[in-house]
Amino acid sequence: MTIGGGGAPGACADASSAYAGTTMTELFDSSSLKRLMDGHAGEIGLRRVDHGDDWAELAFDYDPRLAMNAANGVLASGPIISLIDSASGLAIAAKIKAVRPMATLDLRIDYVRAAPPGRAITARATCYKVTRSVAFVRCVAHDGDPADPIAHSLATFFFTGD
1 MTIGGGGAPG ACADASSAYA GTTMTELFDS SSLKRLMDGH AGEIGLRRVD HGDDWAELAF
61 DYDPRLAMNA ANGVLASGPI ISLIDSASGL AIAAKIKAVR PMATLDLRID YVRAAPPGRA
121 ITARATCYKV TRSVAFVRCV AHDGDPADPI AHSLATFFFT GD
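Position 75 of the sequence shown, counting from 1, maps to 75 under the UniProt record's numbering, and the rest follow consecutively.
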């Protein structure tokens with residue numbers, strides 16, 4: 001998961017270790033989440049939208065620096081991957097009511113359509129199963145209508161410590 005400034009899937013084991021034992025109320029407090037969103041996540045503008053017992057929703061606003069082609073303004077896939085990965089990691093924290101060090105073991109993304117220019121992108125991830133060492137998450141990324149997604153994902157995360 002990308003939160004914590006690692007910049008690549010699975011790169012935040014050290015960052016999540018720093019938050020081990022943090023309660024969900026503390027984690028989703030604006031100042032704690034702001035610290036988690038430093039680095040790569042902060043650079044692309046990830047922000048919390050909402051969360052529940054087993055889900056988390058993050059978003060970022062359109063930024064032309066994130067376009068894959070300046071001529072048409074269509075967003076590159078990298079920021080969307082980071083958004084999905086980060087929302088998925090936070091959904092796991094919401095489900096287990098704790099922060100544990102973890103790595104993205106597998107992240108499969110099916111792109112349904114291009115992310116258009118000028119629109120904020122939102123990802124809602126739901127953690128549907130947790131075992132002793134692995135968590136499973138589904139996610140939908142969209143630009144305003146979850147029924148018309150940009151991408152769907154399935155992810156598996158491995159807990160790297162207690």
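Note that beta-carbon positions come from the ideal geometry of N, C-alpha and C, so glycine has one too.
Residue j and residue i - do their beta-carbons sit closer together than 9 Å?
i	j	result
C139	A123	yes
I121	L75	yes
S88	A125	yes
D85	A135	no
F157	T104	yes
I109	V137	no
G52	P101	no
P64	A71	no
Along the alpha helix (DSSP H) that carries residue i, what are the first and last residues, could you check?
i	result
D50	Note, D50: premise wrong, no alpha helix (DSSP H); beta strand (DSSP E) at R47 to H51.
A41	H40 to E43
Express the C-alpha separation of residue j and residue i in angstroms, rounding to a whole number.
i	j	result
G7	L83	For G7, the predicted structure reports a pLDDT of 39, less than 50, and the residue's modelled location is therefore unreliable. The matter cannot be settled from this model.
L107	G78	13 Å
Y128	A94	11 Å
I81	A98	23 Å
D54	G45	23 Å
V130	S153	17 Å
Out of the options, which has the shortest C-alpha to C-alpha gap to residue i?
i	options	result
A56	I96, N72 and Y62	I96
D145	P116, V130 and P101	P116
A111	S133, P64, I150 and R48	Note that residue 111 is Tyr in the sequence shown here, rather than Ala. The option with the nearest alpha carbon to Y111 is I150.
S141	H40, V49 and G39	Note that residue 141 corresponds to Ala in the displayed sequence, not to Ser. Answer by Cα proximity: V49.
S73	D148, R119, S133 and R132	Per the sequence shown, residue 73 should be read as Gly rather than Ser. For the residues D148, R119, S133 and R132, the minimum Cα distance to G73 belongs to R119.
D143	S133, D61, R132 and A67	D61
Could you spell out the range, first to last residue, of the beta strand (DSSP E) harbouring residue i?
i	result
L107	M102 to Y111
K129	I121 to V130
L58	W55 to F60
Tell me, which residues are paired with residue i by DSSP?
i	result
S153	I109 and C139
A114	Note: A114 sits in no beta bridge, so no partner.
L75	A67
V99	For V99, which the question treats as bridged, DSSP gives no partner whatsoever.
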